[in-house]
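Chemist:
Protein chains in written order, with UniProt numbering: chain A, 1 to 373; chain B, 1 to 436.
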């Protein structure tokens, strides 16, 4: 009988350092070194960290966010440490003032102690950094449930426009639209009895910073985000030396024209140009009725513009013949052979043309859908 | 060759996951020491470290095609400033506005700079799999990718099986809630002992018993009805059987379906209780539990024959008994009998407990068939990674989110979540510029 094949390295007695966690390997004849979890210095460090500083991240901090940036190297909440130091400082100051004041200040001190021991102080920007090295990224607040409900109510029940609600609650217009859309689905689920994922929702909301909203109106609503963001246009990226007379009244509109002939001034490129117009009326000293009148005129113009755009879109859609088979909707568009042009290379030309490779053979062309309707 | 570790401790790569190894690595992330590196080495290492986080599952060539040196940014404008000034005030002084006396305390260095370099990997945030991860629907980008491939994700109501689908502003994506609960919930730890295996087998046997019992019950009911008919009147022997088909059951079928699900959940809860050997129960209590189980199962079997209201009261009563909200009552013929407490007899605390228990059955039931720990609770170390960037609007109640716009940078803030400092990002950006 041949001797049993055993690698010396797998024998526990020959291991100089005990690297293997399990004393006995399942396959003692294997010649490859054990790949599974050896106790290395790094692993020891990991488990030491998980047991000490990392313990704070195991479970969410109740009533607060819980990011890496909020903790110091010792694994203590920075803001709690600071509050404690502040309280200590105050205590010393009071003691220094005199013996007779010390007896009076005792109950006060007790209150302060409670403040930082029982309740965690509110987060600052620093505590909202999930990645300590990246100061430019902070976990920004999300809409609270009450605020979402209010947005939905104002748009669908009070019949206000998205633009109005956006300006009132300082929430971006696209966000207002999205909230209403999602809320509608949520209500639909409730109506049909499809269960909502409330435990998950509650858990996530407890971990995120929120923009509060008081439905009773006692507390003034906090602005959620900046709603008048001007997108930086590519044309404004270059520095231009533009000589002009010193006496010229050179405005933003002139500057925009210098950058590019087609570039609109920022007054028209911001999402809420009507806010500036309203403020102008206010500054001009117009009465409330006059201001409302002017706002109505502006609204009427905007409505007409929207109607025109909708008409154009409807006309465009009417040109496409749709055949619904139940599974797919075929869309037929009228085309002309002549659109290929004289040389057969016209932009609107369709179909296979001699000497032209198919686009789906080209490298790097996107072959998955680029939009879903 | 063995596959390299995804979350290594030695050759450290920072990943877009909620893994505890990753959290440990992130906690010891330091700005790289570039003092002894050539510029090329710096760029290479920066690119390699950042790409491990940003779309490591995307091929390099694919990413290079997505990369663009044009970075989006916005400047928040004050409408009052726009109304009060027309821009000509910027021509005053020496040509850049009137100078204010300098106050060293008020100068915030770098506060108004736009962190453009953090936008290097912004195109990746447009991908469907990354957006799902950012909306907190998956615990890693790879898991999000798997959800998409497995057909659990819809975009604007249509199933999209392409993780590389680039979201357009206004696109809504929905993930199957059960998958989200699995991805974000605490893992189910189950070590099967021999005793548990036996119990499991027994349970399977019992399940086959349920169907057999149901068939037996049906057969006996039919026989009894036939006998009753014969006893009542011999002459109606040949009368057509109208009763069965004409019986109308009240209630919405959708609601009935929902009740059915709730009864299933309740049955699982009672079964889990019976199976739980950690709690010692008396024989009487066990008998009681088994009785409740039978009652719940009977309801499930005859779900089509009972009205919706009846089912609702049954569910309520069983839950009430499970909570022990009962009372001993002397009955004249049967001796002491347990009776459910009525609405008026219950204390507010008891009422609350009952409502809570029923809500839990409906919302967060303990259910051993789920692939995550039940009742659901967030997975460990989730809170350190829980943030939702502003370019998404998420409704976690329905596991849906809307991609509002492409991520942008604004003075002092960027919307692309990345663990790396601006210097590293800049080096990576320079790597991907065509002329390097």
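Even for Gly, the Cβ is constructed at its ideal location relative to N, Cα and C.
Hey, does residue 390 of chain B have any beta-carbon neighbour from chain A nearer than 9 angstroms?
Modeler: Translated into positions along the second chain, residue 390 of chain B becomes position 390. Residue 390 of chain B counts as touching chain A.
Chemist: The alpha helix (DSSP H) that contains residue 328 of chain A, what's its start and end?
Modeler: In the first chain, the residue the question calls residue 328 of chain A occupies position 328. Where residue 328 of chain A is concerned, there is no enclosing alpha helix (DSSP H), given that its DSSP letter is neither H nor E.
Chemist: Flag residue 168 of chain B as yes if its beta-carbon sits less than 9 angstroms from any beta-carbon of chain A, otherwise no.
Modeler: As a first step, residue 168 of chain B must be located in the second chain, where it is residue number 168. Yes, residue 168 of chain B counts as interfacial toward chain A.
Chemist: Output, in chain order, the set of chain B residues within a Cβ distance shorter than 7 angstroms of residue 201 of chain A.
Modeler: Residue 201 of chain A sits at position 201 when you count from the first residue of the first chain. Within 7 angstroms Cβ-Cβ: 396 and 397.
Chemist: Flag this pair as yes or no: are the beta carbons of residue 378 of chain B and residue 207 of chain A separated by less than 9 angstroms?
Modeler: Taking the first residue of the second chain as position 1, residue 378 of chain B is located at position 378. Taking the first residue of the first chain as position 1, residue 207 of chain A is located at position 207. Yes, Cβ-Cβ distance for residue 378 of chain B and residue 207 of chain A is below 9 angstroms.
Chemist: Taking residue 268 of chain A as the reference, give the member of B/77, B/132, B/39 and B/144 with the closest Cα.
Modeler: The residue given as residue 268 of chain A occupies position 268 in the first chain. Closest by alpha carbon: B/77.
Chemist: Determine the closest residue to residue 150 of chain A out of A/216, A/91, A/302 and A/139, with distance taken between C-alpha atoms.
Modeler: Counted from its first residue, the first chain places residue 150 of chain A at position 150. The residue with the shortest Cα to Cα distance from residue 150 of chain A is A/216.
Chemist: How many angstroms separate the CA atom of residue 214 of chain A from the CA atom of residue 220 of chain A?
Modeler: Residue 214 of chain A sits at position 214 when you count from the first residue of the first chain. Residue 220 of chain A sits at position 220 when you count from the first residue of the first chain. For residue 214 of chain A and residue 220 of chain A, the distance between alpha carbons rounds to 8 angstroms.
Chemist: Kindly identify the DSSP beta-bridge partner or partners of residue 177 of chain A.
Modeler: The sequence position of residue 177 of chain A within the first chain is 177, counting from 1. According to DSSP, residue 177 of chain A bridges with nothing at all.
Chemist: What residue from B/81, B/47 and B/52 has the CA that sits closest to residue 279 of chain A's CA?
Modeler: Taking the first chain and counting its residues from 1, one reaches residue 279 of chain A at position 279. Closest by alpha carbon: B/81.
Chemist: What are the start and end residues of the beta strand (DSSP E) that includes residue 394 of chain B?
Modeler: As a working mapping, residue 394 of chain B is identified with position 394 in the second chain. Taken as a continuous stretch (DSSP letters only), the beta strand (DSSP E) holding residue 394 of chain B covers 392-395.
Chemist: In whole angstroms, what separates the C-alpha of residue 42 of chain B from that of residue 430 of chain B?
Modeler: As a first step, residue 42 of chain B is located in the second chain; it is residue number 42 there, counting from the start. As a first step, residue 430 of chain B is located in the second chain; it is residue number 430 there, counting from the start. The alpha-carbon atoms of residue 42 of chain B and residue 430 of chain B are separated by roughly 10 angstroms.
Chemist: When you compare only the Cα positions, how much space is there between residue 145 of chain A and residue 205 of chain A?
Modeler: Numbered from 1 along the first chain, position 145 holds the residue referred to as residue 145 of chain A. Numbered from 1 along the first chain, position 205 holds the residue referred to as residue 205 of chain A. Going from the Cα of residue 145 of chain A to the Cα of residue 205 of chain A covers about 9 angstroms.
Chemist: With a 10 Å radius around its C-beta and 16 neighbouring C-beta atoms as the bar for buried, classify residue 3 of chain B as buried or exposed.
Modeler: Along the second chain, one-based indexing puts residue 3 of chain B at 3. With fewer than 16 other Cβ atoms within 10 Å, it is exposed.
Chemist: Contact criterion: CB-CB distance below 9 angstroms. Does residue 226 of chain A meet it with respect to chain B?
Modeler: As a working mapping, residue 226 of chain A is identified with position 226 in the first chain. Yes, contact with chain B.
Chemist: Quick one: grab the DSSP three-state call for residue 47 of chain B.
Modeler: Residue mapping note: residue 47 of chain B aligns to position 47 of the second chain, counting from 1. Three-state DSSP puts residue 47 of chain B in a helix.
Chemist: Quick check: the region 69-77 of chain A against the region 45-57 of chain A, are at least 3 beta-carbon pairs closer than 8 angstroms?
Modeler: Enough Cβ pairs lie closer than 8 angstroms, so yes.
Chemist: Go through its chain and collect everything with a Cβ distance to residue 93 of chain A's Cβ below 7 angstroms, but skip five positions before and after it.
Modeler: Residue 93 of chain A sits at position 93 when you count from the first residue of the first chain. Counting only Cβ-Cβ distances below 7 angstroms, and skipping sequence neighbours, we find nothing.
Chemist: Could you pull the start and end residues of the beta strand (DSSP E) that residue 231 of chain A belongs to?
Modeler: Position 231 of the first chain, counted from the start, is the residue given in the question as residue 231 of chain A. 229-231 is the span of the beta strand (DSSP E), which, as asked, contains residue 231 of chain A.
Chemist: Output needed in chain order: residues of the region 269-292 of chain A with a Cβ under 7 angstroms from some Cβ in chain B.
Modeler: If the cut-off is 7 angstroms between Cβ atoms, the region 269-292 of chain A has 270, 272, 275, 276, 279, 280 and 283 near chain B.
Chemist: Would you list, in sequence order, the uninterrupted alpha helix (DSSP H) runs of no fewer than 4 residues that lie entirely inside the region 151-205 of chain B?
Modeler: List check, alpha helix (DSSP H) in window: 177-184.
Chemist: By how many angstroms is the C-alpha of residue 419 of chain B removed from the C-alpha of residue 127 of chain A?
Modeler: As a working note, residue 127 of chain A is residue 127 in the first chain. As a working note, residue 419 of chain B is residue 419 in the second chain. Taking the straight line from one Cα to the other gives about 15 angstroms.
Chemist: Where does residue 200 of chain A fall in DSSP's three states?
Modeler: Here residue 200 of chain A refers to the residue found at position 200 when the first chain is read from its first residue. Residue 200 of chain A: helix per DSSP, three-state reduction.
Chemist: List, in order along the chain, the chain A residues whose C-beta lies closer than 9 angstroms to that of residue 66 of chain B?
Modeler: Translated into positions along the second chain, residue 66 of chain B becomes position 66. The premise fails here: residue 66 of chain B is roughly 10 angstroms from chain A at the closest Cβ pair, so nothing lies under 9 angstroms.
Chemist: So what's residue 107 of chain B in DSSP terms, helix, strand or just coil?
Modeler: One-based indexing of the second chain puts residue 107 of chain B at position 107. Residue 107 of chain B: coil per DSSP, three-state reduction.
Chemist: May I ask you to list, following chain order, the residues of the region 183-200 of chain A that have a beta carbon less than 8 angstroms from some beta carbon of chain B?
Modeler: Listed by position, the residues of the region 183-200 of chain A near chain B (Cβ gap below 8 angstroms) are 183, 185, 186, 189, 192, 193, 195, 196, 197, 198, 199 and 200.
Chemist: Quick check on residue 228 of chain A: buried or exposed, where buried means 16 or more other Cβ atoms within 10 Å of its Cβ?
Modeler: By one-based count along the first chain, residue 228 of chain A stands at place 228. Counting Cβ neighbours within 10 Å, residue 228 of chain A comes out buried, since at least 16 surround it.
Chemist: Going by DSSP, what residue range makes up the beta strand (DSSP E) through residue 75 of chain B?
Modeler: Here residue 75 of chain B refers to the residue found at position 75 of the second chain. Residues 74-76.
Chemist: For residue 87 of chain B, which option in A/251, A/311 and A/281 has the closest C-alpha, if you only look at C-alpha atoms?
Modeler: In the second chain, the residue the question calls residue 87 of chain B occupies position 87. Ranking the options by Cα distance to residue 87 of chain B, first place goes to A/251.
Chemist: Mind reading off the beta-carbon distance from residue 193 of chain A to residue 255 of chain B? Whole number of angstroms is fine, and I expect it under 8 angstroms.
Modeler: Taking the first residue of the first chain as 1, we reach residue 193 of chain A at position 193. Taking the first residue of the second chain as 1, we reach residue 255 of chain B at position 255. Indeed, because the Cβ distance is near 6 angstroms, the residues count as touching under 8 angstroms.
Chemist: Is it the case that the Cβ atoms of residue 171 of chain A and residue 165 of chain A are separated by a distance below 9 angstroms?
Modeler: Here the question's residue 171 of chain A lines up with position 171 in the first chain. Here the question's residue 165 of chain A lines up with position 165 in the first chain. Contact flag set, yes.
Chemist: State the Cα-Cα distance for the pair residue 72 of chain B and residue 190 of chain A, rounded to the nearest angstrom.
Modeler: One-based indexing of the second chain puts residue 72 of chain B at position 72. One-based indexing of the first chain puts residue 190 of chain A at position 190. For residue 72 of chain B and residue 190 of chain A, the distance between alpha carbons rounds to 39 angstroms.
Chemist: Only counting the same chain, and skipping five residues up and downstream in sequence, which positions put a Cβ closer than 6 angstroms to that of residue 54 of chain B?
Modeler: As a position in the second chain, residue 54 of chain B is number 54, starting the count at 1. The answer, listed in chain order, is 121 and 124.
Chemist: For residue 70 of chain B, name the three-state secondary structure that DSSP assigns.
Modeler: As a position in the second chain, residue 70 of chain B is number 70, starting the count at 1. In the structure shown, residue 70 of chain B sits in coil (DSSP, three-state: anything other than H, G, I, E or B).
Chemist: Around the Cβ of residue 245 of chain B, are there at least 16 other Cβ atoms within 10 angstroms (buried) or fewer (exposed)?
Modeler: If you number the second chain from 1, residue 245 of chain B lands on position 245. Confidence in residue 245 of chain B is poor, its pLDDT being 42 and thus under 50, which makes the residue's placement unreliable; the coordinate value appears in the next sentence. With fewer than 16 Cβ atoms within 10 Å of its Cβ, residue 245 of chain B is classed as exposed.
Chemist: DSSP puts residue 410 of chain B in a beta bridge; with which residues?
Modeler: Start at 1 with the first residue of the second chain, and residue 410 of chain B comes out as number 410. Per DSSP, B/413.
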